[in-house]
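Peer 1:
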DNA sequence: GCCAACGTTGGC
DNA sequence: GCCAACGTTGGC
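Residue numbers (my numbering): 59 to 211.
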């Protein structure tokens with residue numbers, strides 16, 4: 059059974075175009091520093107799962123592409139890099155605190171901006187649209203995925 | 001830049 | 001374990 063996820067990225071850091079331009083259209087999803095988001099990767103993600111590639115903290119936030127989970131979990135190397143903004147002095151090599159998966163871009167889509175998503179009654183329960191939600195990785199119901207695919211068709 | 005909402009920290 | 005203070009996220 060395929061599962062679906064929504065993953066936020068700041069396009070200034072990694073946009074859907076950046077991901078498509080990368081070797082194999084694959085990028086390591088570095089920088090997750092929230093335990094709930096980490097646990098979704100660790101406990102829920104499987105290779106091949108569908109990903110909605112979401113642009114956040116930008117002029118037009120919204121879904122910008124489709125991707126897939128392309129690897130199992132691995133330690134996020136940026137936690138050990140003192141020069142990285144994602145450095146975590148408390149993380150130990152033998153017991154990494156932060157994890158990542160590889161994400162492979164499948165295609166760029168037209169931008170499904172937030173107001174358009176909010177206007178769909180069928181998406182009212184999409185986690186990303188719920189008030190106050192800040193999680194950078196959230197599961198997506200198959201029904202929601204279908205609605206979004208239809209909007210992109 | 002503002003601010004609501006949420007997560008984390010640390011004193012007790 | 002409680003909870004106030006503080007930090008972060010992210011849309012606007």
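Don't be surprised by glycine CBs; every beta carbon is placed ideally from N, CA and C.
Just to confirm, is the Cβ distance from residue 147 to residue 156 under 8 Å?
Peer 2: no
Peer 1: Look at the alpha carbon of residue 166 and the alpha carbon of residue 172, and state the distance between them as a whole number of angstroms.
Peer 2: 17 Å
Peer 1: Is the segment 92 to 100 touching the segment 118 to 125, taking contact as three or more C-beta pairs under 8 Å?
Peer 2: no
Peer 1: Measure the CB-CB distance between residue 187 and residue 175 and report whether it falls below 8 Å.
Peer 2: yes
Peer 1: Sorted by chain position, which residues of the same chain lie with C-beta nearer than 6 Å to residue 111's C-beta, five sequence neighbours on each side aside?
Peer 2: The answer, listed in chain order, is 74, 122, 123 and 125.
Peer 1: Is residue 153 near residue 84, with beta carbons less than 8 Å apart?
Peer 2: no
Peer 1: Taking a contact to mean a Cβ-Cβ separation below 8 Å, would you say residue 144 touches residue 91 in this structure?
Peer 2: yes
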